[in-house]
Structure formats: structure tokens, C-alpha cells
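Numbering (my numbering), first residue to last: 61 to 468. Every residue gets a Cβ at the ideal spot worked out from N, C-alpha and C, and that includes glycine.
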Amino acid sequence: MVISSQDRDILRPLAEKVARLADDEAEKQKIELWRRHNQLEKGRPLVFCYPEQGWNEVLTDAELACGGVLALRFEMELRKKIFWAEEMGDDTPLEPCFDIPYTVSEDDWGLHTEFHRTATMGSMTWESPLKDYQTDLGKLHSPEFTVDMETSSRSAELAQEAFGDVLPIRLRGRWWTSLGVTKPAIHMRGLSNFLYDFYDHPEELKQFLSIISDGLLEKMDYFEKRNLLCLNNDDTYNGSGGFGYTEELPQDGAGEQIRLADTWGFTESQESVGVSPDMYEEFIFPYEKAIMERFGLTAYGCCEGLDKRWHVVKKHPNLRRVSCSPWADWAKMAEYLEDKYIFSMKPNPACLATYEIDEDAIRTEIREAFEVTKDCVVELIMKDNHTIGKNPDNIVRWCAIAQEEAEK
61 MVISSQDRDI
71 LRPLAEKVAR
81 LADDEAEKQK
91 IELWRRHNQL
101 EKGRPLVFCY
111 PEQGWNEVLT
121 DAELACGGVL
131 ALRFEMELRK
141 KIFWAEEMGD
151 DTPLEPCFDI
161 PYTVSEDDWG
171 LHTEFHRTAT
181 MGSMTWESPL
191 KDYQTDLGKL
201 HSPEFTVDME
211 TSSRSAELAQ
221 EAFGDVLPIR
231 LRGRWWTSLG
241 VTKPAIHMRG
251 LSNFLYDFYD
261 HPEELKQFLS
271 IISDGLLEKM
281 DYFEKRNLLC
291 LNNDDTYNGS
301 GGFGYTEELP
311 QDGAGEQIRL
321 ADTWGFTESQ
331 ESVGVSPDMY
341 EEFIFPYEKA
351 IMERFGLTAY
361 GCCEGLDKRW
371 HVVKKHPNLR
381 RVSCSPWADW
391 AKMAEYLEDK
401 YIFSMKPNPA
411 CLATYEIDED
421 AIRTEIREAF
431 EVTKDCVVEL
441 IMKDNHTIGK
451 NPDNIVRWCA
461 IAQEEAEK
């Protein structure tokens with residue numbers, strides 16, 4: 061694993077530019093906006109655009125210059141930072157640093173799920189291995205993890221050699237996004253079987269979800285005990301959208317070793333969207349709660365509409381950020397959340413999927429949404445983009461419209 065001199069010559073000016081941009085007072089002001097926002101101080105709605113697969117249409121292969129695999133990954137991240145600071149126009153803060161994730165591998169749950177994919181961004185299906193609870197449930201075990209410290213350190217060293225003197229390098233562990241229990245369940249059991257199990261095999265389903273919850277708790281303990289956790293009260297992507305800035309973490313009594321209680325946690329249950337609120341409360345919530353109560357602050361939800369199960373979700377401990385997806389009733393969620401939680405508003409990304417967007421329709425949707433949520437602590441998150449119509453200007457214009465409406 062090396063970075064060639066040619067690739068270093070490409071990366072270094074990009075890193076220097078990131079450092080210059082991050083030193084701008086406007087970036088410090090964005091950080092303060094998010095800090096106050098996460099502490100429920102009322103202000104204008106904050107705007108965050110994370111175009112996901114749309115990045116491949118913003119930074120195409122033709123625009124990337126590095127030849128090495130690792131250097132190309134570094135280049136992509138640096139160019140994203142520059143685009144956010146110079147062109148995007150949202151409230152994403154730019155920090156004067158560059159993060160290297162640890163390299164980690166994990167095995168399965170004792171039953172191997174076989175995935176079949178057609179191509180990058182193509183269709184996918186899988187073979188669910190848990191065929192029969194009576195014969196297969198006993199085969200399950202918690203996944204085991206291996207952190208490759210040599211590869212992790214070498215990646216950080218190469219970044220340091222290339223541009224670390226102008227942009228500080230941080231080796232950081234971000235060991236999970238969601239700690240939800242239902243995604244592992246449907247991968248092992250299959251979505252249709254999983255839904256039938258609420259009626260046909262209720263006790264076995266509870267045992268299954270308990271095994272998954274226990275496995276996720278063991279994963280959390282593994283990284284905490286080995287002092288591999290990092291604080292995420294910074295520019296770390298938080299929940300299903302937003303940033304983690306807050307002065308409430310780490311908690312009082314924190315020492316040199318980071319605890320789970322000093323960090324944000326996140327769960328969701330998108331796969332159970334067709335399950336009744338009562339069934340969610342009985343079958344899923346207890347196994348999420350055991351995970352969420354370990355964290356100092358928590359975020360909940362992603363694409364599932366939460367208005368019908370809010371009376372249960374609100375029981376999650378230390379809950380702060382609540383996802384309000386396009387499939388939620390935003391008026392009801394505004395009544396429920398008031399100014400006691402962050403209303404994490406997720407508009408439908410389909411509005412950006414064509415080459416030419418309907419700016420009037422976008423503006424009307426945002427304006428009406430802000431009116432409904434005017435008494436809430438609101439963030440507007442554009443995400444889940446599989447395409448931006450091969451037109452990067454779509455996200456720039458969306459951010460401009462959103463910011464104009466947020467300032468009114």
C-alpha cells in the first residue's frame with residue numbers, strides 16, 4: 061500500500077485548499093449553529109445536503125486524477141469537502157482535519173446470507189439462511205470483530221506523509237451507523253417470513269430479535285472496552301442526517317477513555333414499516349431500547365413514518381433527533397415534537413432526479429413544510445439520492461432555495 065509521488069502532487073494542493081477554506085469564519089459560524097441547534101436552541105431551520113450516490117455525478121471518474129486506489133479515495137473525500145465549502149451552499153461545516161477510518165472485518169451471525177447483485181447501483185436479492193426456527197435458531201451467535209491495526213495505521217501514515225503537515229490526520233473509529241435490530245433480522249429470515257412471524261412464530265421472533273440485540277450490545281462493549289470509541293460531538297454524521305455538535309457530550313465524569321454514554325447512538329426500524337404500532341411496541345421496541353439506553357444522546361428513525369408509532373418511540377431514553385421522512389405526517393409530527401426534539405425533515409429526493417428540476421414546486425414544498433413546523437427545532441436534510449439527474453446544479457439550486465426559505 062503506497063501513494064505515488066504523482067498522486068501526492070495531486071492530493072497536497074487539495075488538502076491545502078481544504079485547510080484554507082476551513083479557516084474561514086463562516087465555517088466556525090456553521091459549527092456554532094449546529095451546536096445551538098442540537099441543544100434545542102430555536103433558530104432558523106438548518107440545511108444539509110448529502111447526495112449519497114449523487115456524488116458520482118458531481119465528481120465523475122473523468123474529474124478524479126489519482127491513479128492509486130487509496131489516493132483516489134483520499135482525493136474523493138477532499139474534493140467533496142471543497143465542493144461543500146465552495147459550491148453546495150448548505151450548512152455543512154468544514155473542519156480543518158482529515159479522518160482515516162480503522163480497517164475492520166466481522167464474520168456473520170452463524171448463518172451466512174448470500175447476496176446477489178447485478179451491478180453497481182443495480183438490483184439486489186439475497187438468500188435468507190434462517191429457514192426454520194426449530195433447527196436454525198440455535199446456530200446463531202454474535203459476530204466477531206477483527207481490527208486491522210497495521211492497515212489502519214499504515215493508511216494514516218500515508219495520509220500524513222502526503223499532506224498531514226497542512227491538514228491534520230485523525231485515525232478514528234466509526235463502528236456503526238444504525239444499531240437497528242430489524243435489518244439483520246430480515247437479511248437472515250427474509251422480509252416476508254419476518255412479517256409472517258409476528259403471527260405464526262411470535263415467541264421465536266422475540267428470541268431471534270433478542271439474540272440480535274445482544275449481539276449488537278456485545279459489539280458496542282467490544283469497542284468500548286478496547287478504548288476504540290471516538291467522540292462524535294463534532295462533524296460526525298449523526299443519525300440519518302445532521303451533525304453531532306453539542307456541549308452536552310461527553311457527559312460529566314468522562315475520563316480519557318471514551319464511554320458509550322459520552323456519544324450519540326442511533327437506531328431505526330425501516331423494515332417494520334408495515335407492522336402495527338402495538339406489534340412494534342411488543343416485538344421491536346424492547347430490543348432497541350436496550351441499545352439506546354447505553355448512549356448519552358440518541359437519534360431515531362430513517363425512512364419509516366413515525367407519526368403512528370411516536371407514542372412508543374418517544375419512550376427511547378435520551379432521545380434528541382427524530383427523523384421525519386416523506387412518509388410521515390409532518391403536521392402531526394410537529395404537534396408531537398414541538399421544540400422538545402429536533403425535527404429532522406427529509407423531503408422526497410425524487411424532486412432532484414431529473415436533469416431539469418421544478419424549482420417552483422420545490423420552493424412551495426419547503427415553504428409549506430417550514431410553516432407547519434414553525435414552532436419546532438427544524439433541520440432540512442436532502443439525502444437518499446440515487447441520482448441527481450446527472451446535473452450537479454440540481455443540488456446547488458435546491459440548497460439555495462432551501463436557504464432562502466429558511467431565512468424568511
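The residue among N287, I246, S252 and E284 with its C-alpha nearest the C-alpha of L269 is I246.
The secondary-structure analysis by DSSP pairs H176 across a beta bridge with T185. Here the alpha carbon of C459 sits roughly 20 Å from the alpha carbon of N298. In terms of CA proximity to F108, T152 leads the group F283, D208, D295 and T152.
Measuring C-alpha to C-alpha distances from E221 to each of C384, V62 and H446 identifies V62 as the nearest.
Beta bridge pairing from DSSP links W324 with L357. Here the region 342-353 makes no contact with the region 302-320; the two share fewer than three CB pairs at distances below 8 Å. In the structure shown, T237 falls within a coil segment according to DSSP collapsed to helix, strand and coil. Judged by pairs of C-beta atoms under 8 Å, the region 437-444 does not touch the region 77-84, as fewer than three such pairs exist. DSSP places M442 in the strand class (E or B) of the three-state scheme. Excluding residues up to 5 positions away in sequence, L276, T327 and I351 lie with their Cβ nearer than 6 Å to the Cβ of L239 in the same chain. Residue pairing from DSSP leaves F223 without any beta-bridge partner. Counting along the chain, the unbroken beta strand (DSSP E) around R230 starts and ends at I229 to R232. Taking C-alpha positions only, D196 is separated from E147 by approximately 52 Å.
Excluding residues up to 5 positions away in sequence, L71, R72 and A75 lie with their Cβ nearer than 7 Å to the Cβ of F223 in the same chain.
Residues of the same chain with a CB within less than 6 Å of the CB of N292, apart from the 5 flanking positions on each side, are G304, T323 and W324 in chain order. CA-CA distance, D295 to V432, rounds to 28 Å. Annotation for L130: M61, I63, S215 and L218 place their beta carbon closer than 7 Å to its own, counting only its chain and skipping 5 residues before and after. For E166, the enclosing beta strand (DSSP E) has its first and last residue at T163 to E166.
Around K90, the same chain offers D151 and P153 as residues with beta carbons nearer than 6 Å, after the five sequence neighbours per side are excluded. Given a length threshold of 3 residues, each whole run of the beta strand (DSSP E) inside the region 279-352 is given here in chain order: 324-327. Taking a cut-off of 8 Å on C-beta distances, the region 84-100 does not touch the region 157-177, as fewer than three cross pairs fall below it. The bridge partners DSSP lists for V107 are L440.
Per DSSP, the beta-bridge partners of R381 are A359 and I402. The DSSP-derived three-state label of D274 is helix. Take Y340, set aside five residues on each side of it, and the residues of its chain with a beta-carbon closer than 8 Å to its own are S329, S332, R369 and V372, in chain order. Using a C-beta cut-off of 8 Å, the region 165-176 makes no contact with the region 99-108, since fewer than three inter-stretch Cβ pairs fall below that distance. Counting along the chain, D208 sits inside no alpha helix (DSSP H); it lies in the beta strand (DSSP E) bounded by residues F205 to D208. In this structure, DSSP gives D159 an extended state, which the three-state scheme calls strand.
Between the alpha carbons of V226 and Y110 lies a gap of roughly 26 Å.
If you draw a straight line from the Cα of R96 to the Cα of L190, it comes to about 46 Å. T447 sits buried, since 16 or more C-beta atoms from the chains shown fall within 10 Å of its C-beta. A Cβ-Cβ distance of about 21 Å is found for the pair E264 and P203, leaving them out of contact under the 8 Å criterion.
Judged by beta-carbon spacing, A388 lies beyond the 7 Å limit of L357, meaning their Cβ atoms are not closer than that value. Around I272, the same chain offers W169, V241, P244, A245 and Y347 as residues with beta carbons nearer than 8 Å, after the five sequence neighbours per side are excluded. Closest by C-alpha distance to Y415, out of P377, E342, N451 and C290, is N451.
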